[in-house]
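In terms of the working numbering, the sequence shown opens at residue 4 and continues consecutively.
Contents: one structure, followed by commentary.
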Amino acid sequence: MFASKSKSVLLMLLILTTALLGCSKSNSVQNSEAGAAQAEKTITVSWPRDIGTMNPHVYNPSQLIAQSMIYEPLVSYKEGGKLEPHLAESWDISKDGKEYTFKLRKNVKFSDGTPFNAAIVKKNFDAVMKNFKNHSWLGFINVLDKTEAVDENTFKLTLKAPYYPTIQELSVVRPVRFLGEAGFPDDGDTSKGVKKAVGTGPWMLSDYKKDEYAEFTRNPNYWGDKPKAGKIVIKVIPDGETRVLAFEKKELDLIYGEGVISLDAFKQLKASGKYETSLSEPIATREIVMNTTKDILSDLRVRLALQHGFNKQAMVDGITAGLEEKADNILPKNLPYTNMDVKPLEYNVDKAKAYLEEAGWKLPAGKTVREKDGKPLELELLYEKSDQVQKPMAETLQAEWGAIGVKLNIKSLEITEQVKRLKSADFDLYFWSSYGSPYDPHSFINIAAEKGFGISESLSSLPMKKDLDQQIKQAFVSTDESKRQQLYNSILKTLQEQASFLPISYIKKTAVCQKGVKGFVFPANRDDNPFFGLDIVKK
4 MFASKSKSVL
14 LMLLILTTAL
24 LGCSKSNSVQ
34 NSEAGAAQAE
44 KTITVSWPRD
54 IGTMNPHVYN
64 PSQLIAQSMI
74 YEPLVSYKEG
84 GKLEPHLAES
94 WDISKDGKEY
104 TFKLRKNVKF
114 SDGTPFNAAI
124 VKKNFDAVMK
134 NFKNHSWLGF
144 INVLDKTEAV
154 DENTFKLTLK
164 APYYPTIQEL
174 SVVRPVRFLG
184 EAGFPDDGDT
194 SKGVKKAVGT
204 GPWMLSDYKK
214 DEYAEFTRNP
224 NYWGDKPKAG
234 KIVIKVIPDG
244 ETRVLAFEKK
254 ELDLIYGEGV
264 ISLDAFKQLK
274 ASGKYETSLS
284 EPIATREIVM
294 NTTKDILSDL
304 RVRLALQHGF
314 NKQAMVDGIT
324 AGLEEKADNI
334 LPKNLPYTNM
344 DVKPLEYNVD
354 KAKAYLEEAG
364 WKLPAGKTVR
374 EKDGKPLELE
384 LLYEKSDQVQ
394 KPMAETLQAE
404 WGAIGVKLNI
414 KSLEITEQVK
424 RLKSADFDLY
434 FWSSYGSPYD
444 PHSFINIAAE
454 KGFGISESLS
464 SLPMKKDLDQ
474 QIKQAFVSTD
484 ESKRQQLYNS
494 ILKTLQEQAS
504 FLPISYIKKT
514 AVCQKGVKGF
524 VFPANRDDNP
534 FFGLDIVKK
């Protein structure tokens, strides 16, 4: 009887084991098939220019949207300005505000399988600091004294003086993200280039053809949750209209960015009902920098005349199809320390003409351009060639300022040439924008004081420039919140009253997705990529 029962039990166990093995094999096949299907999901987007060299420690031509796919920060900037752990699990700040100690996330690897640790963090900071003048627009770079790899998972920054925005600045896309050892040149100087793009991020560059496309696939060693799509393809399409046509032909799954298509085109795509469209909250101020070192623009009355001399509301309503909001402040009021009331410089042609008359710019009989001492009132405005909003705005300004006797020449430039002109302060008027999150307001006032980037130089003829620079320095080292607010009020009020920046509108990002694309969310960090949560339900 016992033997019979034993045989029965053994037979049942054999059947059960076989079934389980079959089930396991079936699940394994299903999981494999699901993984393969997921890997095949490709999101195709476009960008106006080549992604660049993917060097995390340099600027143009490397594109922020692509750099942020490969390289990660110690700290992430989230919605509402919240700063959260990323590659650093936690941090401590000394009472004097000079020492920052970071506990790094364990078991993080670069895409080539090598470990992320305090030594490689220090090596990246050393590379950045070899060329610190290139990065001094970041305020903490100017006061960084030393870096230490305390142990494998502990990294320490020591500052020469307190600098309150340090943690926030560590969330930016460049230059304080991390390249793996295999990417470093032999001499460690990344300003000259990198061997290859090796990061800890969720993506890695898998295929690339300059000025045509870049393909990114999942990083198999990524420490966090995996992206939903298996591949992101960025096609280089410089022209906005061509980009829209490619999207309508379903050659693109997503159009995303600032000025990548005209806002009229965005409105038409939305009205068609065929696509999913999104518009972000205001992210920065679209404005024009006036170079006060130029003879004509050194006169406050001329700057005020230009501010009063065009119908800002009509231009914003017309060119942005009412999607952007007219800007009266040089920084949006939803940022820290910026919620202050200012008197708008309203559209008033008579006032504009009166300022020019008072400044000695007269309109000779039979002429359309004002003159002073035989010299015409002629200015040049630079704008980015690929931007679909700046060009019509420049053309509008050309017409409206012409009505008050100002001859405006407008010139389009590729972004690299445009930046060169800015840094050398070789311009009269320059289309620009404030930095937005996570940079402002501290980066905005820092660059107003820090030389080498063109903005401080363009403001250098302001009579109170030295006092302004001193106030900016005080704001950064102040540990008194109310004192810091007072300093910001004074700094921003001075810049507003001096009319050295002409705010036009508050920039918004646009996104248009094919119906099958799900999971789109605008990143809180203006320069981050939006690809991580994207998925294709059907195509």
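Even for Gly, the Cβ is constructed at its ideal location relative to N, Cα and C.
If you drop the 5 nearest sequence neighbours on each side, which residues of the same chain put their C-beta closer than 7 Å to that of residue i?
i, result
"Gly214", "Checking the displayed sequence, the identity of residue 214 turns out to be Asp instead of Gly. These residues qualify, in order along the chain: Asp53, Val239."
"Lys81", "Glu87, Ala527"
"Glu184", "Thr117, Ile123"
"Ile458", "Val292, Ile450, Ala451"
"Ser508", "Arg289, Val319, Thr323, Glu327, Glu328, Lys329, Ala330"
"Gln474", "Leu490, Ser493, Ile494"
"Pro506", "Thr288, Glu290, Ala330, Asp331, Asn332, Ile333"
"Ser7", "Low local confidence applies: a pLDDT of 40 at Ser7 is under 50, so the model's placement there is unreliable, and no value is given."
Where do the ends of the beta strand (DSSP E) carrying residue i lie?
i, result
"Ala91", "91-96"
"Trp435", "432-436"
"Ile144", "Looking at the DSSP string, Ile144 is not in any beta strand (DSSP E); the run it does join, the alpha helix (DSSP H), is 142-145."
"Val515", "513-516"
"Arg221", "216-221"
"Thr47", "45-50"
"Lys410", "410-416"
"Leu86", "86-88"
Leaving out five residues before and five after residue i in sequence, what residues of the same chain have Cβ atoms less than 6 Å from its Cβ?
i, result
"Leu141", "Glu172"
"Arg108", "Leu90, Glu92"
"Asp531", "Ser71"
If you reduce the DSSP assignment to three classes, tell me which class residue i lands in.
i, result
"Phe456", "coil"
"Ile68", "helix"
"Thr157", "strand"
"Trp206", "strand"
"Leu272", "helix"
"Asn127", "helix"
"Ala39", "In this predicted model, Ala39 has a pLDDT of only 43, less than 50, meaning its place in the structure is not dependable; the value taken from the coordinates is given anyway. Reduced to three states, the DSSP call for Ala39 is helix."
"Arg306", "helix"
"Arg244", "Residue 244 is actually Glu in this sequence, not Arg. Correct three-state label for Glu244: helix."
"Asp320", "helix"
"Glu290", "strand"
"Lys476", "helix"
"Ala358", "Ala is not the amino acid found at residue 358; the sequence shown has Tyr there. In this structure, Tyr358 counts as helix in the three-state DSSP scheme."
"Leu173", "coil"
"Leu326", "coil"
"Thr104", "strand"
"Ile258", "strand"
"Lys469", "helix"
"Leu425", "helix"
"Gly536", "coil"
"Asp192", "coil"
Which one of the options has the shortest CA to CA distance from residue i?
i, options, result
"Gly455", "Val480, Asp431, Asp483, Lys426", "Lys426"
"Trp226", "Pro118, Arg487, Ala185", "Pro118"
"Phe269", "Thr47, Thr323, Leu303, Gly83", "Thr323"
"Lys378", "Glu387, Lys388, Gly363, Asp390", "Gly363"
"Leu462", "Gly439, Asp431, Gln489", "Asp431"
"Tyr438", "Val175, Ser209, Thr45, Ile237", "Val175"
"Asp148", "Ala402, Gly276, Lys133", "Lys133"
"Ser481", "Asn110, Thr157, Ala164", "Ala164"
"Glu261", "Thr47, Leu67, Leu537", "Leu67"
"Asp443", "Glu381, Pro285, Thr245, Asn120", "Pro285"
Return the first residue and the last residue of the alpha helix (DSSP H) that residue i is part of.
i, result
"Met396", "393-405"
"Lys492", "Correcting the residue type first, residue 492 is Asn in the shown sequence and not Lys. It spans 484-500 - the alpha helix (DSSP H) in which Asn492 sits, taken as one unbroken run."
"Ile237", "It is not in any alpha helix (DSSP H) - Ile237 instead sits in the beta strand (DSSP E) that spans 234-239."
Between residue i and the ligand MN, is there a pair consisting of the residue's CB and a ligand heavy atom that are separated by less than 8 Å?
i, result
"Leu411", "Among the components of this structure there are no ligands whatsoever, and the ligand MN is therefore not found."
Take residue i and list the residues in its own chain whose beta-carbon comes closer than 8 Å to its own, dropping the five residues that flank it on each side.
i, result
"Ser31", "In this predicted model, Ser31 has a pLDDT of only 39, less than 50, meaning its place in the structure is not dependable; the value taken from the coordinates is given anyway. The answer is none, since no qualifying residue turns up."
"Lys414", "Glu383, Leu384, Leu385, Tyr386"
Item to check | the region 89-100 touching the region 48-67, judged by at least three CB pairs closer than 8 Å | outcome: Per the Cβ contact rule, the region 89-100 is not in contact with the region 48-67 (fewer than 3 Cβ pairs under 8 Å).
Next on the checklist: Between the region 217-225 and the region 188-208, can you find at least three pairs of beta-carbon atoms closer than 8 Å?
Outcome noted: Short answer: they touch.
Checklist entry - Taking contact to mean at least 3 C-beta pairs separated by less than 8 Å, is the region 338-349 in contact with the region 272-290? => result Taking a contact to require three or more Cβ pairs closer than 8 Å, the region 338-349 and the region 272-290 do not qualify as touching.
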